[in-house]
Amino acid sequence: IFVGNLPFKVTDADLAAIFKDYAVKSAHVIVNKFGRSKGFGFLEMATHADQVKVVEDVKDAIVEGRTLIVRAA
């Protein structure tokens, strides 16, 4: 799952914590060569059903004043 418009201080652990109510298998925030977040990341869910549920449930989630973009990747 693609998660965009993340606050730049969000880490992999923070991303997993945002989606703690779902079966997150892994979470990875993309960073530049200096280690700064690019503002997006990816989630891997345990099952396809979990993926569909996250995309439907978390459409307009707000984290630190930023509306997340959540789409199937």
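The opening residue of the sequence shown carries number 230 in our numbering; numbering runs sequentially from there.
From the three backbone atoms N, C-alpha and C, an ideal C-beta is built for every residue, glycine too.
None of these values were measured; they are calculated from a predicted model.
Item: Report whether the distance from the Cβ of V292 to the nearest heavy atom of the ligand PLP is below 7 angstroms.; Value: Looking at this structure, you won't find the ligand PLP or any other ligand, since it has none at all.
Item: What is the DSSP secondary structure of E293, reduced to helix, strand or coil?; Value: coil
Item: Buried or exposed: where does G264 fall if 16 or more other Cβ atoms within 10 Å of its Cβ makes it buried?; Value: exposed
Item: Taking just the CA atoms, how far does D250 sit from M274?; Value: 12 angstroms
Item: According to the neighbour-count rule (16 or more other Cβ atoms, all chains shown, within 10 Å of its Cβ), is I230 buried or exposed?; Value: buried
Item: Please classify K254: does DSSP put it in a helix, a strand, or coil?; Value: strand
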